[in-house]
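**Student:** Numbered per this note's numbering, the sequence shown spans residues 276 to 443. Below you will find the structure I want to go over with you.
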Amino acid sequence: MEDQIQSLLQPIADELGVEILKISLGSGGHSQLLKVIVDRAGGVSSDELVRISRGLALQLDAEDLIANAYMLEVTSPGLNWPLETVADFKRYEGEWIKVSFLEGTSQEGRNLGPVEAEGDVQFTLLIEAKKAKDNRQQVVSMSEVSKVVRAINWKDVSRKNRDSEENL
């Protein structure tokens, strides 16, 4: 069923330039819950999520694909969405991420994007030091990690807030 929904959704996603990350149809109480997760580099606006939702609902109703009542939820991934594929690392290139290693340690840094590698997904992590000259890059293999998620760099947030206050 998810493949049929994907075929209905793909033209809408292509028109808006978003990537379909996940489609799941499951129970949601009295009706089924159809959850669609979409994203693209730079994010997806709430207006675009509404357009996707309305377009997909019209397609689903026209095709009468889901026999009983259903609830449709169209959303973008949150910070806890795991980065696992080359496409994930391309989509979130330049963003701050948290890497949890299998050995139990973790490291935060800037995702510099995927690295060409055979068999295993690898990416470059920029670990920022107090002085820019002390920054270092680390190539990380997904076989070394338990989870990679986006994170918030509070230093960047503070700097941007301070800069915007100075411009007032």
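Where is the CB? At the ideal position from N, CA and C, for every residue including glycine. Note that the structure is predicted; figures quoted are calculated from it, not measured.
Closer than 8 Å is the cut-off here; do at least three beta carbon pairs connect the region 306-313 with the region 338-345?
**Tutor:** yes
**Student:** Compute the Euclidean distance between the alpha carbons of Asn355 and Arg425, then round it to the nearest angstrom.
**Tutor:** On the sequence shown, residue 355 is found 80 positions in, with the first residue counted as 1. On the sequence shown, residue 425 is found 150 positions in, with the first residue counted as 1. C-alpha separation (whole angstroms): 7 Å.
**Student:** Figure out for me which residue from Thr380, Ser381 and Ala392 has the closest Cα to the Cα of Ser416.
**Tutor:** As a working note, residue 416 is residue 141 in the sequence shown. For the residues Thr380, Ser381 and Ala392, the minimum Cα distance to Ser416 belongs to Ala392.
**Student:** Going by DSSP in three states, Val356 sits in which element: helix, strand or coil?
**Tutor:** If you number the sequence shown from 1, residue 356 lands on position 81. Reading the sequence as shown, one finds Trp at residue 356 and not Val. In the structure shown, Trp356 sits in coil (DSSP, three-state: anything other than H, G, I, E or B).
**Student:** Short check: CB of Val423 to CB of Val374, under 9 Å?
**Tutor:** As a working mapping, residue 423 is identified with position 148 in the sequence shown. As a working mapping, residue 374 is identified with position 99 in the sequence shown. Yes, they are a contact pair.
**Student:** Starting from Val414, trace the beta strand (DSSP E) in both directions and tell me its first and last residue.
**Tutor:** If you number the sequence shown from 1, residue 414 lands on position 139. That run of the beta strand (DSSP E) goes Arg411 to Ser416.
**Student:** Can you have a look at Trp371 and say buried or exposed, based on whether 16 or more other CB atoms are within 10 angstroms of its CB?
**Tutor:** Here residue 371 is taken as the residue at index 96 of the sequence shown, counted from 1. Buried is the call here.
**Student:** Which value, in whole angstroms, describes the spacing of the CA atoms of Tyr367 and Asp336?
**Tutor:** On the sequence shown, position 92 is the one that residue 367 refers to. On the sequence shown, position 61 is the one that residue 336 refers to. The straight-line gap from Cα to Cα measures roughly 34 Å.
**Student:** I'd like to check one pair, Leu331 with Leu510: are the Cβ atoms closer than 9 Å?
**Tutor:** What the structure shows of the chain is the stretch from 276 to 443, and residue 510 is not part of that stretch, so it cannot be assessed.
**Student:** Buried or exposed: where does Ala277 fall if 16 or more other Cβ atoms within 10 Å of its Cβ makes it buried?
**Tutor:** Here residue 277 corresponds to residue number 2 of the sequence shown, with the count starting at 1. Checking the sequence shown, residue 277 turns out to be Glu, not Ala. The residue is exposed, with fewer than 16 neighbouring Cβ atoms inside 10 Å.
**Student:** Measuring alpha carbon to alpha carbon, tell me which of Leu296, Glu383 and Leu291 ends up nearest Gly353.
**Tutor:** As a working mapping, residue 353 is identified with position 78 in the sequence shown. Here the closest residue by C-alpha is Leu296.
**Student:** For Ser421, does the three-state DSSP call read helix, strand or coil?
**Tutor:** Walking along the sequence shown from the start, residue 421 turns up at place 146. Correct three-state label for Ser421: strand.
**Student:** Which residues bound the alpha helix (DSSP H) around Gly330?
**Tutor:** Mapped onto the sequence shown, residue 330 falls at position 55. Ser321 to Glu338 is the extent of the alpha helix (DSSP H) around Gly330.
**Student:** Could you give the residue range of the alpha helix (DSSP H) that holds Leu485?
**Tutor:** Residue 485 cannot be examined here, being either before or after the span of the chain that is shown, 276 to 443.
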